[in-house]
Amino acid sequence: MPKMRAAQVPRPNGPFEIVEREIPEPGPGTVRIKVQACGVCHSDSLVKEGAWPGIKYPRVPGHEVIGIIDAVGRDVAEWTAGQRVGVGWHGGYCGHCDACRRGNFFACVLGWVTGITFDGGYADYMIAPATALALVPEGLSAVEAAPLMCAGITTFNALRNSAAIPGDLVAVLGLGGLGHLAVQYAVEMGFKTVGIARGRDKEPLARKLGAHHYIDSQTQDPAAELAKLGGARVILATVTNGEAMAAVQGGLGINGTLFIIGAVGSLAASPLLLLNGRRSIKGWYSGTSIDSQDTLGFSVLTGVRSMNEALPLERVTEAYDRMMSGKARFRVVLTME
Ligand SMILES: [Zn+2]
Ligand SMILES: [Zn+2]
1 MPKMRAAQVP RPNGPFEIVE REIPEPGPGT VRIKVQACGV CHSDSLVKEG
51 AWPGIKYPRV PGHEVIGIID AVGRDVAEWT AGQRVGVGWH GGYCGHCDAC
101 RRGNFFACVL GWVTGITFDG GYADYMIAPA TALALVPEGL SAVEAAPLMC
151 AGITTFNALR NSAAIPGDLV AVLGLGGLGH LAVQYAVEMG FKTVGIARGR
201 DKEPLARKLG AHHYIDSQTQ DPAAELAKLG GARVILATVT NGEAMAAVQG
251 GLGINGTLFI IGAVGSLAAS PLLLLNGRRS IKGWYSGTSI DSQDTLGFSV
301 LTGVRSMNEA LPLERVTEAY DRMMSGKARF RVVLTME
């Protein structure tokens, strides 16, 4: 039997192990992907640390996957071998539960998550449900496309589903892996874009990404500064810090919305602020495979790109530690070839 390499987590808080496995065969409704690149996302720590309930170990993480379909299972009409595809966090949907029947495919009762429910992209091959596949356009390399499957879709899809229209003031809180993409998308969508981060030293980056304004949350009051600019229609919080989120809510304009895309334990909201200005705080689920496809297409159209550090699969431990250290500029991507 032909073999492949996979980087698996043997148990919660166990080390990565690079093991040889048989190349799996695709079952009904799935395809096999020859993986070219896979991004390393902070959410992979849920597998590494055992923080997601019900994970079966050993488990191969990875939900920013780009590769080529090389085998197609039964009952898959719409995909063929040779197509270049991506797989993100959303691991597919059934199409007939109540949530799916209402068009809320993201909330499918199956609750499948790539690299958590089934093995992900830290491997030479993976099996993916057909409903989890996004077609990857020409014009993006595998390394370029991979981070767009989670960091990209999460920010792009939140912004395009917000109430902001071109010319509106939109602020991005945090300039890391998610934030550096969010600023670019906001600019390309025609929003008056404000970058908010800690320290003056981040300003050149914000400007380079196209931000029209920069607020240093260490020396300035971000809420007051946003209010001076007229108040934000949308603030996209890409940080995982409840206090930093709470500190910007006063910068929302009338009917403004604080979009939460990073999980924090708790967040102190100001009810008076919310009701007086009809403001809101809203969570946003990244999206499904067609949203990923739209993210990739928009990125090709506009030139939005993630800044990446690429490492070969063998260096998975180093890649993961680099991501967890917060020092990566800005996304870490594993390559298989
Ligand atoms: Zn992710
Ligand atoms: Zn469903």
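Each step along the sequence shown adds one to the number in my numbering, with nothing skipped, and position 276 is 276.
No residue lacks a Cβ here, since even glycine has one placed at the ideal position from N, Cα and C.
Thinking C-alpha only, which one of the options is nearest residue i?
i	options	result
Ser45	Gly115, Glu25, Ala134	Gly115
Ala51	Lys34, Pro12, Ala37	Pro12
Ala223	Phe16, Leu252, Glu203, Ala145	Leu252
Asn241	Phe330, Gly265, Ala227	Gly265
Leu110	Gly121, Gly120, Asp98	Asp98
Gly297	Asn157, Met324, Val170, Tyr285	Asn157
Gly179	Arg21, Ile33, Val19, Phe330	Phe330
Lys171	Arg160, Ala244, Lys192	It should be noted that the sequence gives Ala, not Lys, for residue 171. Ranking the options by Cα distance to Ala171, first place goes to Lys192.
Ile254	Pro271, Asn276, His90, Ala268	Asn276
Gly199	Glu188, Gln220, Met189	Gln220
Ala197	Gly174, Lys48, Val9	Gly174
Pro129	Gln293, Trp112, Ser141, Pro137	Trp112
Gly152	Arg322, Thr238, Gln218	Thr238
For residue i, write down the residues that DSSP places opposite it in a beta bridge.
i	result
Lys202	Lys202 pairs with nothing; no bridge assigned.
Cys38	Val65, Leu334
His90	Val113
His213	Val194
Gly283	Ile260
Ala99	Answer is none; Ala99 lacks a bridge partner.
Asn308	Arg331
Leu236	Val172, Phe259
Tyr125	Lys34
Phe118	Thr114
Arg160	Answer is none; Arg160 lacks a bridge partner.
Lys3	Glu22
Val85	Gly67, Leu135
Gly17	A small correction: the amino acid at residue 17 is Glu; Gly does not occupy that position in the sequence shown. Paired residues: Gln8.
Using the beta-carbon count (16 or more within 10 Å), is residue i buried or exposed?
i	result
Ile261	buried
His96	exposed
Gly231	buried
Ile165	exposed
Ala7	buried
Ile235	buried
Gly88	buried
Tyr320	buried
Tyr214	buried
Thr154	buried
Arg101	exposed
Hey, residue i and residue j are a contact pair by Cβ (cut 8 Å); roughly how many whole angstroms apart?
i	j	result
Ala338	Thr335	Lying before the first or after the last residue shown, residue 338 is absent from the chain, which here runs from 1 to 337.
Tyr122	Val248	No, Tyr122 and Val248 are not in contact; Cβ-Cβ is about 35 Å, not under 8 Å.
Val65	Val35	6 Å
His42	Met323	7 Å
Gln83	Leu135	7 Å
Gly86	Ser292	6 Å
Pro26	Ala71	5 Å
Arg339	Leu169	Since the first residue shown for the chain is 1 and the last is 337, residue 339 is missing from the structure and cannot be characterised.
_Stretch pair the segment 180-189 + the segment 202-218: three plus CB contacts closer than 8 Å_ = yes
*Would you be able to state if there are at least three C-beta pairs under 8 Å between the segment 304-320 and the segment 141-156?*
yes
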